[in-house]
Structures are given as structure tokens and as C-alpha cells.
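Student:
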Amino acid sequence: MNSHIVRNLLVRGMLAGLGAGVLALIVAYLLGEPRVDAAIAFEDSHSHEHGEELVSRTLQSTAGLATGILVYGIALGGIAALAYCFALGRTGRFGPRAAALLLSGAALASVYLVPFLKYPANPPSVGDPDTIGKRTTLYFLMMLLSVLLAVAAVVAGKQLAPRLGNWNATVVAGLGYAVLIGLGYVLLPAINEVPEDFSATLLWQFRVAALAIQLTLWLSFGLLFGHLAERLLLPKPARTAEPTATAAPAAR
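In our numbering, the protein residues as written are 2 to 253.
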């Protein structure tokens with residue numbers, strides 16, 4: 002793959018990430034922000050200290066939210082496009098669209114879903130401010146472990162395929178990934194800092210909203226980028242011009 006194609010895929014990846022970010026922004030505003038407001042109201046009702054608000058809540062839930070998600074979407078699109086350039090041709094007989102959706106789904110699972118199951122997202126007022134550094138470190142450690150094990154599973158599957166066949170090699174590699182991730186779940190410390198009187202319903206709704214945002218972002222990126230990549234890599238042949246005049250009838 003030459004540098005011209007890589008550059009074009011990178012641009013298309015960033016554009017697809019921007020489009021996916023817009024869709025994720027809509028989901029975040031409709032599903033996530035009302036739960037954030039409810040969690041902040043709970044925190045205010047249990048706090049006797051009210052510091053000065055540096056950034057208004059209105060600005061946070063509009064311009065701040067949009068900036069964060071759109072920048073994240075563009076960055077995600079660029080990184081995913083480079084990974085796509087490396088993976089294309091190494092994932093079997095998948096076309097550009099299928100390869101993009103496969104990559105997007107694998108990234109969603111390894112980068113977000115696996116760490117989310119161990120350390121799920123929490124709304125404001127949940128969590129001790131003194132442990133934020135520890136919680137952040139553990140989350141990124143779980144994410145790094147998941148990504149490295151996912152890459153190792155893909156490599157192991159390709160190496161086992163000649164001996165076991167594609168299906169059996171995929172099953173063995175997947176089981177190995179699941180076992181090692183399970184060990185990571187057991188060995189890494191659990192964190193539970195939810196206040197006793199915090200609404201379980203609100204906590205569940207916030208986590209479902211966080212999951213919905215990521216699902217929207219990654220899956221819509223896979224669909225958008227797959228479409229753009231296919232148009233670049235498999236351009237449709239130009240239509241041949243139709244004859245403007247019919248041939249003269251043969252003389253009798």
C-alpha cells in the first residue's frame with residue numbers, strides 16, 4: 002500500500018470519525034446529560050461546600066461536550082485508519098467494508114467493552130477524589146492489557162491456522178484471550194466507591210448511556226469508514242459512452 006493511499010485513508014478515517022462523533026454527540030446529549038444533571042443534583046444535596054463554578058454547567062453540556070466528543074472522534078478515526086491500513090489484506094478474504102466493520106467491532110470490544118466490564122463508568126458524585134489517580138491507572142492498565150492480548154490472540158490464531166484450520170484456530174485463540182482476561186479481572190483490584198444512598202437506577206442508566214455512546218461511535222465509524230474506504234480502494238469502472246446514432250440499415 003503506497004503512501005498516497007495511506008494518506009487518503011487517513012483523511013477518510015478522520016472524516017468518518019467526525020461523522021461518528023456527531024452521532025455520538027446526539028446520543029450523549031439525549032441520554033447522558035440528563036443522568037449527569039441528576040448525579041450533580043445528588044452531589045449538591047449532600048455537600049455543604051459550594052465552591053465557585055469555573056465553567057458553567059450549560060457550557061459544559063453544550064460546547065464542552067461537543068468539543069470533547071468531536072475531537073475524540075477525529076483522533077479515533079485517524080488512529081483506526083492507520084490500523085486499517087496495516088490490517089487490510091491480513092484479515093482473510095474480507096472486502097474493504099467488512100474489514101472496516103470487523104476492525105471497528107474488535108476495537109470496541111478490546112478498547113472499551115472489556116475494561117468497562119471491570120471498571121464501569123461512574124457519574125459525578127460517585128468515587129473518592131483521593132483515589133482518582135489510582136482508578137485512572139487501573140482503567141488504562143486494563144485497557145492496555147486487553148489490547149495487547151487481543152493482538153496476541155490474532156497473531157496466535159494466524160500461526161495456528163495452518164495446523165488447526167481457520168475455525169479451530171480462531172476458537173483456540175479466542176478462548177486463550179478470554180482466559181487471560183479473566184485472570185486480569187481476578188488479579189486487578191476491584192473498586193466500589195458508590196455511596197450507599199445513591200440511586201441504583203440512576204447508576205444503571207448512566208452506565209447504559211455511556212455504553213450507548215461508545216456503541217454509536219464505533220459502529221457508525223465502521224459503517225462510514227467502510228463506505229469511504231471501498232470507494233477509494235474499489236472504484237467503480239467508468240461507464241462506456243453509448244453510441245449516439247444507430248448504424249445505417251443494410252442495403253437491400
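Backbone N, C-alpha and C define an ideal beta-carbon position, used for all residues, glycine too.
What you are looking at is a predicted structure, and each value in this text was computed from that prediction instead of being measured.
Does the stretch 13 to 30 come close enough to the stretch 71 to 78 to have 3 or more Cβ pairs within less than 8 Å?
Tutor: At 8 Å Cβ cutoff, the stretches touch.
Student: Would you please state the rounded distance, in angstroms, between the beta carbons of residue 214 and residue 96? I believe it to be under 8 Å.
Tutor: Taking the first residue of the sequence shown as 1, we reach residue 214 at position 213. Taking the first residue of the sequence shown as 1, we reach residue 96 at position 95. Contact doesn't hold; Cβ gap of about 28 Å is too wide.
Student: Please list the terminal residues of the continuous alpha helix (DSSP H) segment that includes residue 120.
Tutor: Within the sequence shown, residue 120 is the residue found at index 119, counting from 1. Careful: residue 120 lies outside any alpha helix (DSSP H) and carries neither H nor E.
Student: Can you grab the Cα-Cα spacing for the pair residue 180 / residue 46, in whole Å?
Tutor: Against the sequence shown, residue 180 aligns to sequence position 179. Against the sequence shown, residue 46 aligns to sequence position 45. Approximately 44 Å between the Cα atoms of the pair.
Student: Verify whether the separation of the beta carbon atoms of residue 10 and residue 220 is less than 8 Å.
Tutor: Here residue 10 refers to the residue found at position 9 when the sequence shown is read from its first residue. Here residue 220 refers to the residue found at position 219 when the sequence shown is read from its first residue. Result no, Cβ atoms of residue 10 and residue 220 do not sit closer than 8 Å.
Student: How far does the alpha helix (DSSP H) with residue 209 in it reach, from first residue to last?
Tutor: Position 208 of the sequence shown, counted from the start, is the residue given in the question as residue 209. From DSSP, the alpha helix (DSSP H) with residue 209 extends over 201 to 234.
Student: Would you tell me roughly how many angstroms separate the C-alpha atoms of residue 161 and residue 169, rounded to the nearest one?
Tutor: Within the sequence shown, the letter at position 160 stands for residue 161. Within the sequence shown, the letter at position 168 stands for residue 169. Their Cα atoms are separated by approximately 8 Å.
Student: Would a C-beta distance cut-off of 8 Å place residue 81 and residue 222 closer than the cut-off?
Tutor: Looking up residue 81 in the sequence shown gives position 80. Looking up residue 222 in the sequence shown gives position 221. Yes, they are a contact pair.
Student: Evaluate residue 14 with the Cβ neighbour count: other Cβ atoms within 10 Å of its Cβ, from every protein chain shown; 16 or more gives buried, anything less gives exposed.
Tutor: Counted from its first residue, the sequence shown places residue 14 at position 13. So residue 14 counts as buried.
Student: Measure the Cβ-Cβ separation of residue 131 and residue 194 and say whether it is below 8 Å.
Tutor: Within the sequence shown, residue 131 is the residue found at index 130, counting from 1. Within the sequence shown, residue 194 is the residue found at index 193, counting from 1. Cβ atoms of residue 131 and residue 194: not closer than 8 Å.
Student: So the candidates are 120, 152 and 100; which of them puts its Cα closest to the Cα of residue 138?
Tutor: Walking along the sequence shown from the start, residue 138 turns up at place 137. Looking at the Cα atoms, 120 is the closest of the given residues.
Student: Note down the Cα distance separating residue 30 from residue 202, rounded to an integer number of angstroms.
Tutor: Counted from its first residue, the sequence shown places residue 30 at position 29. Counted from its first residue, the sequence shown places residue 202 at position 201. Whole-angstrom Cα-Cα distance: 19 Å.
Student: Residue 7: which of 86, 27, 63 and 36 sits nearest, CA to CA?
Tutor: One-based indexing of the sequence shown puts residue 7 at position 6. The option with the nearest alpha carbon to residue 7 is 86.
Student: Under the assumption that residue 100 contacts residue 218 (Cβ atoms under 8 Å), give the Cβ distance between them as a whole number of angstroms.
Tutor: On the sequence shown, residue 100 is found 99 positions in, with the first residue counted as 1. On the sequence shown, residue 218 is found 217 positions in, with the first residue counted as 1. 19 Å between Cβ atoms; not a contact.
Student: Would the beta-carbon of residue 124 fall within 8 Å of that of residue 204?
Tutor: Position 123 of the sequence shown, counted from the start, is the residue given in the question as residue 124. Position 203 of the sequence shown, counted from the start, is the residue given in the question as residue 204. It is a contact, given that the beta carbons lie within the stated cut-off.
Student: From which residue to which residue does the alpha helix (DSSP H) around residue 83 run?
Tutor: Here the question's residue 83 lines up with position 82 in the sequence shown. 66 to 88 is the span of the alpha helix (DSSP H), which, as asked, contains residue 83.
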